[in-house]
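Accompanying notes for the structure given below.
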Amino acid sequence: MRPCPAEAKKVYALSRTPVSDHLKAVVSCLPHPVRRAAGLVLCLISIWLPFPLKAQDAVETLEKLTYMTESYPPYQYEEDGELTGLYIELLDLAFKEIGLSKSAQDLVRIVPWARAYKRTLNLPNSALVGIVRSPMREELFQWVGPFSETSERFVIVHRLHEDVEATSHPRGSFRIATVRGDITLEYLERAGIGEDETLLTPDPDSIIDLIRKDRVHYWAYGQDVIEFKLNEADLLDEFEITAVLGDAAIYIAANHATDKAALKLLQQAMDKVRKSPEAKVLHEKYGITNTQPVRRLKHAKTR
Numbered sequence: 000m001r002p003c004p005a006e007a008k009k010v011y012a013l014s015r016t017p018v019s020d021h022l023k024a025v026v027s028c029l030p031h032p033v034r035r036a037a038g039l040v041l042c043l044i045s046i047w048l049p050f051p052l053k054a055q056d057a058v059e060t061l062e063k064l065t066y067m068t069e070s071y072p073p074y075q076y077e078e079d080g081e082l083t084g085l086y087i088e089l090l091d092l093a094f095k096e097i098g099l100s101k102s103a104q105d106l107v108r109i110v111p112w113a114r115a116y117k118r119t120l121n122l123p124n125s126a127l128v129g130i131v132r133s134p135m136r137e138e139l140f141q142w143v144g145p146f147s148e149t150s151e152r153f154v155i156v157h158r159l160h161e162d163v164e165a166t167s168h169p170r171g172s173f174r175i176a177t178v179r180g181d182i183t184l185e186y187l188e189r190a191g192i193g194e195d196e197t198l199l200t201p202d203p204d205s206i207i208d209l210i211r212k213d214r215v216h217y218w219a220y221g222q223d224v225i226e227f228k229l230n231e232a233d234l235l236d237e238f239e240i241t242a243v244l245g246d247a248a249i250y251i252a253a254n255h256a257t258d259k260a261a262l263k264l265l266q267q268a269m270d271k272v273r274k275s276p277e278a279k280v281l282h283e284k285y286g287i288t289n290t291q292p293v294r295r296l297k298h299a300k301t302r
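Next up, the structure:
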């Protein structure tokens, strides 16, 4: 066999190249009669080899993404300093299905909604966990999901001592509180409620503070979150539903520069998790069945 000086000179460089390049280097060192046969073997190996390599690359990409979410209980929130919630646990099951070495609790961070939304729009390799996929947002992101077979319901609630007709949305001197940049604003606009009739806040906790100060009497948001927060604040019995704005499934939105193969791998895992027995157990844990969420707020009666 003729000498191969390149192998002696570039051992370190070869150690940092793909496996297929190693094989090419070895073939180049073979005698000419053997090289053609070895080249055919290399061709066959190269057809098979990229698949596991690409899958591993996708796993590594998913571990390096910047994942953001908002505080949105019971779907994603912090409890005793730990990130939890239905969507966080479902995402963790998907990560385990893929084989990520880190959990959803390790990778996802809570960020104010408007900031998380803007970062996902502009920051490559970023993802927003827990977002409604609407026509206005469709072209802005890549999408993975939905998380659940169950849709979330968006409503307007009002304080019981306020005189409001249940058959119409609230008007007049009171503004409707919601979170800045939330999908609820699209629903309100469709209902004919303009920006001058809304009060925008950074998060649901800010709305609870305003309610306690008697500065907010109407709240438009996801019903499950409203119930969770009002119950936590011991205010649930003081509110009822004025109007149902709509229902929507919840997804993960990713920046357009995020690797498509990695997102496809995550989509496959989420599709499998969504139909699993573990997902059903988690829905029951958080009081949300696969057919209809358990909701406690009453609807206002027509006066």
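Numbering-wise, the sequence shown is residues 0 to 302 according to numbering that gives the first Met the number 0.
By construction, the Cβ of each residue, glycine as well, lies at the ideal position given by its N, Cα and C atoms.
Put SER70 into one of helix, strand or coil per three-state DSSP. The sequence position of residue 70 within the sequence shown is 71, counting from 1. Looking at SER70 - three-state DSSP - the assignment turns out to be coil, as it is neither helix nor strand.
Whole runs of the alpha helix (DSSP H) within the segment 189-243, excluding any shorter than 4 residues: 203-211, 222-231
Own chain partners of LEU106 with C-beta closer than 6 Å, once the 5 adjacent residues on each side are dropped: Residue numbering aside, residue 106 sits at position 107 when the sequence shown is read from its first letter. Same-chain partners within the cutoff: TYR66.
For the alpha helix (DSSP H) containing GLU81, name the first residue and the last one. On the sequence shown, residue 81 is found 82 positions in, with the first residue counted as 1. No alpha helix (DSSP H) contains GLU81, which is instead part of the beta strand (DSSP E) from 81-83.
Assigned secondary structure, ALA256 (DSSP; H/G/I helix, E/B strand, else coil): Position 257 of the sequence shown, counting from 1, holds the residue named residue 256. Note: ALA256 maps to coil in three-state DSSP.
Please say whether VAL154 and PRO240 have beta carbons closer to each other than 8 Å? If you number the sequence shown from 1, residue 240 lands on position 241. If you number the sequence shown from 1, residue 154 lands on position 155. First, the amino acid is wrong: residue 240 is Ile here, not Pro. Yes, they are a contact pair.
Three-state secondary structure assigned by DSSP to ILE273: Locating residue 273 in the sequence shown gives position 274, counting from the first residue. Before going on, a small fix: residue 273 reads as Arg here, not Ile. Three-state result, ARG273: helix.
Got a sec? Which residues, its chain only, sit under 8 Å from VAL110 by beta carbon, not counting five neighbours each side? Counting from 1 along the sequence shown, the entry for residue 110 is found at position 111. Correct list, in chain order: MET67, THR68, GLU69, ARG118.
What's the call for VAL215, buried or exposed, on a 16-neighbour Cβ count within 10 Å? The count along the sequence shown starts at 1 and reaches residue 215 at position 216. Buried.
For PRO49, which residues from the same chain have a beta carbon less than 6 Å from its beta carbon, with the 5 sequence-adjacent residues on both sides left out? Here residue 49 corresponds to residue number 50 of the sequence shown, with the count starting at 1. Note that PRO49 scores 39 on pLDDT, short of 50, meaning its location in the model is unreliable and no value can be drawn from it.
Excluding the 5 residues flanking TRP319 on each side, which residues of the same chain have their C-beta closer than 8 Å to its C-beta? No answer is possible for residue 319: the residues shown for the chain start at 0 and end at 302.
Which listed residue (LEU82, LEU187, ARG136, ARG273) has its alpha carbon closest to that of TYR220: Along the sequence shown, one-based indexing puts residue 220 at 221. Selected option, being the one with the closest Cα: LEU187.
So LEU127 is in the beta strand (DSSP E); what residue range does that whole segment cover? For this step, residue 127 is matched to residue 128 along the sequence shown. Run containing LEU127: 125-131, per the beta strand (DSSP E) assignment.
Where does the unbroken alpha helix (DSSP H) through ARG179 begin, and where does it stop? Locating residue 179 in the sequence shown gives position 180, counting from the first residue. It is not in any alpha helix (DSSP H) - ARG179 carries neither H nor E in the DSSP assignment.
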